Structures are given as C-alpha cells and as structure tokens.
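Chains as they are written, first to last, in the working numbering: chain A, 1 to 253; chain B, 254 to 392.
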C-alpha cells in the first residue's frame, strides 16, 4: 500500500472512538470490579456458617454450639479486684513458671479528672476460639481443637517451639516454657482437673468474688448459658474483629 | 514622661508578682499535718485479699472525719491489727462492721459497689510502691 493511500484511511487511534463505545468498555470494567468488590471487600453475601461473628452479636444462638459439652467461661468483669488468687491457683495446679502465665489480669484506667481514676480489671486467658488462629498456623499439629469439648489443647511432645502460635494468638494467651522448650497455654484445666472428674478449673474455684463462671454453653440449664442468654445483659468478647469467634465472654451483671 | 511609663510597667509587674506569691503561699498553708489528719502514707491491706488501699487524707482532710470517728471503736489505732482479725471480710462490712459503718450506701458509697475504688489489686499496689514493685509484671 502506498503512503498516500494510507493517509486516506480512517484512523484507528482512540481519538476516533465514539463516546458510546468508550462508555460500553468502561461499563464492562466497572462490572468486573464490582463483582469482586461485592464478593470479597464488602461481603454483600452473608456468611451462613460463621455462628458467633454475625451481625446479631458475639453470642451464638442457643442450639447452635458446635460442641457438647461446649466449655466456655463468663467473666463478670466489674467484680474483679486483681487479688490474683486465680493466677496463684493456676500456677500451682498447672506448674506454670514465674515468667509465664496461662491466665493474667489486665488493667484499664481512665481519668475522672483531678487526679482521680476509675480502674477496671480485665481477667484474660485462652479464649478457646471456634476458629483458633493458633491452630491454623501450627506446622506440626501440636495444638488443636478437641473434637468433644472444643478446648484448644496442646501436645507438648509434638511442639517444636517455633512460637508461631504465640504470634498468631490475638489474646497473648500462650507463653514459651523454657524448661520444656515448648509452648504452654490454658486448657481450662483439662489435664489437671476436668479429665480427673473435677468439673471446675482451678482459677474459677479460687476466685473470691465469683468473677469467673465456667460451664457447658450448650446446656441451656448451665449458669454460663443463662448468663450470656439473659435479657438486657450486654455481652462482649475481646477482639471480635479478628474473626476467631472466642468462647470467653465478658458481662457486667 | 518615658521614665514615668517605665515605672508604671515595673509597678504592675511587681504587683502581679506579689499577688502570685501570695496565692502560692495560700496553697502551702494547706499542707498535710499528720498530727491532725493521721499518717500521710496510704495503708495497704493484703489480707484476706491483695490489695486494698486506705488513705487517711481522703477521709480526714477531704472528708472531714475526726480521729475518734473510727478510732478505737471501728479500728485499733495500731496499724495492721484489723487485718489479723478473722472477721475482717466483706461480709462483716455488709453487716456494718469496719468500713461498712459508713460505707452503707447512705453515709458513703455502699461496700458492695465500686469495688475497685478501694481494691487497687496487685497492680495498684505495685504502682503505689513505685518502680521496684512494678518491674515484676513484664512478660
């Protein structure tokens, strides 16, 4: 083709594109992006299997607990006075070294002005999550969720001490036990007490203020179930945004 | 004329200084007197549970109580005596013993409310005692 003929032909660059054509192209682009956004970022589709982390709150509905017994703990937060009898009992019962803890007490302090403070003590322990991040990251399956009780248990002989679970835990509920070169954590006293027929963890028994209530959430007659399912009670969990669906609940009544 | 202005400015400065000095003096007059108000340091009970605080200052200087409001009827003057008693418990307080004589909900806030106002806990005690007590808490 000669150059003169070429110059006579219609240009194919973007300047000759009609605006309708351009719009149509953009529409396809937006539609594709929208599909992805709607699916993953905005989550317009409801997640039906995720009991507990739904919009209805942090407490699953009665009858929808994955385990039975579904062990959980309710902490009546404002009654805690940080006497640390729970910690002492735990240390004795589970051979916890001085530098570690299976349960501890945190402190919230907010100013009321003029040198006055209100103090709230927050007892914390392993939340025995329904979707435990620690279990998911363990490379040697040394920690898992017990199929019967829902307790997040450890098998020290399988643990290689890589501490990945410690980094994954949203509740700082695991520590590295130097003596054993493995990670150690709360198991609701499963090894030391529950498996031997004592039906309360040591910390629950030691608490003088009845802060810690332990029991089977799947049993509607249990105290834990009644506490979290009573009307006008505000129930909250720590760090719900992680999606771990914890089984340790906090109330103030 | 300029000298007069300078003198006036200097005068104002001096006057303000004097006023500030006087107001500072006023605050110092309210200094805590242990003979009138009782021991200055807070009392920390660790029995039957860790750790409960009592401050004479809050009750005498700020609350207006006299020594004989509590001594030796509710509490022995000697430190640490109440702590050794078997009945130094919340139950006794609810029945009007010890702190419960006033902390009944009408004279002062009831003993079964505002737990952490007095129960400062192991963490509160460490804070009161300063750095040496607080260092053991790191994990």
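Backbone N, C-alpha and C fix where the C-beta goes; we use that ideal spot for every residue, glycine too.
A quick note: this is a predicted structure, and the numbers were derived from the prediction, not measured.
- For residue 234 of chain A, the closest C-alpha among the options A:251, A:241, A:247 is that of A:251.
- In this structure, residue 118 of chain A sits away from residue 375 of chain B, with a CB-CB distance that is not shorter than 8 Å.
- It is roughly 10 Å from the alpha-carbon of residue 312 of chain B to the alpha-carbon of residue 291 of chain B.
- Spatial neighbours of residue 357 of chain B in its own chain (CB-CB distance under 8 Å, excluding positions within 5 residues in sequence) are listed in chain order as 349, 363, 364.
- In the DSSP assignment, residue 24 of chain A falls within the alpha helix (DSSP H) that extends over 19-36.
- Taking the Cα positions, residue 246 of chain A is about 11 Å away from residue 152 of chain A.
- For residue 75 of chain A, the closest Cβ of chain B is not nearer than 8 Å.
- Looking at the DSSP output, residue 119 of chain A bridges to A:109.
- Shown here is that no member of the segment 224-247 of chain A has a Cβ falling below 7 Å from a Cβ of chain B.
- A Cβ of chain A is located within less than 8 Å of the beta carbon of residue 369 of chain B.
- Here residue 315 of chain B is exposed: its Cβ has fewer than 16 other Cβ atoms, across all protein chains shown, within 10 Å.
- Across the structure, residue 185 of chain A and residue 160 of chain A are spaced so that their CA atoms are roughly 15 Å apart.
- Only those residues of the segment 108-129 of chain A whose C-beta falls short of 8 Å from the nearest C-beta of chain B are listed: 118, 119, 120, 121.
- Classified as exposed, residue 261 of chain B has fewer than 16 neighbouring CB atoms from the shown chains inside 10 Å of its CB.
- Contacts with chain B at 8 Å (Cβ-Cβ) do not include residue 92 of chain A.
- Across the set A:154, A:188, A:25, A:103, the C-alpha of A:154 shows the shortest separation from the C-alpha of residue 138 of chain A.
- Listed along the chain, the chain B residues whose CB falls inside 8 Å of the CB of residue 26 of chain A amount to none; the nearest CB is some 55 Å away.
- Not flagged as an interface residue toward chain A: residue 356 of chain B, since no C-beta distance is shorter than 8 Å.
- Between the segment 171-181 of chain A and the segment 68-80 of chain A, the count of C-beta pairs closer than 8 Å stays below three; the two stretches do not touch.
- With the rule of 3 Cβ pairs closer than 8 Å, the segment 95-103 of chain A does not count as touching the segment 329-346 of chain B.
- The Cβ-Cβ distance between residue 189 of chain A and residue 86 of chain A does not fall below 8 Å.
- Fully enclosed beta strand (DSSP E) runs of no fewer than 3 residues occupy 174-177, 182-185 of the segment 164-200 of chain A, in order along the chain.
- Listed along chain B, the residues sitting closer than 8 Å to residue 84 of chain A by beta-carbon distance are 303, 374, 375.
- Shown here, residue 212 of chain A sits in a strand according to DSSP, grouped into three states.
- Against chain B, the CB of residue 208 of chain A has a partner CB under 8 Å away; the residue lies at that interface.
- By the criterion of a C-beta distance shorter than 8 Å, residue 304 of chain B is surrounded in its chain by 297, 298, 372, 373, 374, 375, 377, 378, once the five residues flanking it on both sides are discounted.
- In the displayed model, residue 328 of chain B falls within a strand according to three-state DSSP.
- When the five nearest sequence neighbours on each side are left out, the beta carbons in the same chain lying within less than 7 Å of the beta carbon of residue 336 of chain B are those of 298, 300, in order along the chain.
- Contact between residue 150 of chain A and residue 66 of chain A holds, with the beta-carbon distance rounding to 7 Å and staying under 8 Å.
- When beta bridges are read from the DSSP output, residue 72 of chain A appears opposite A:215.
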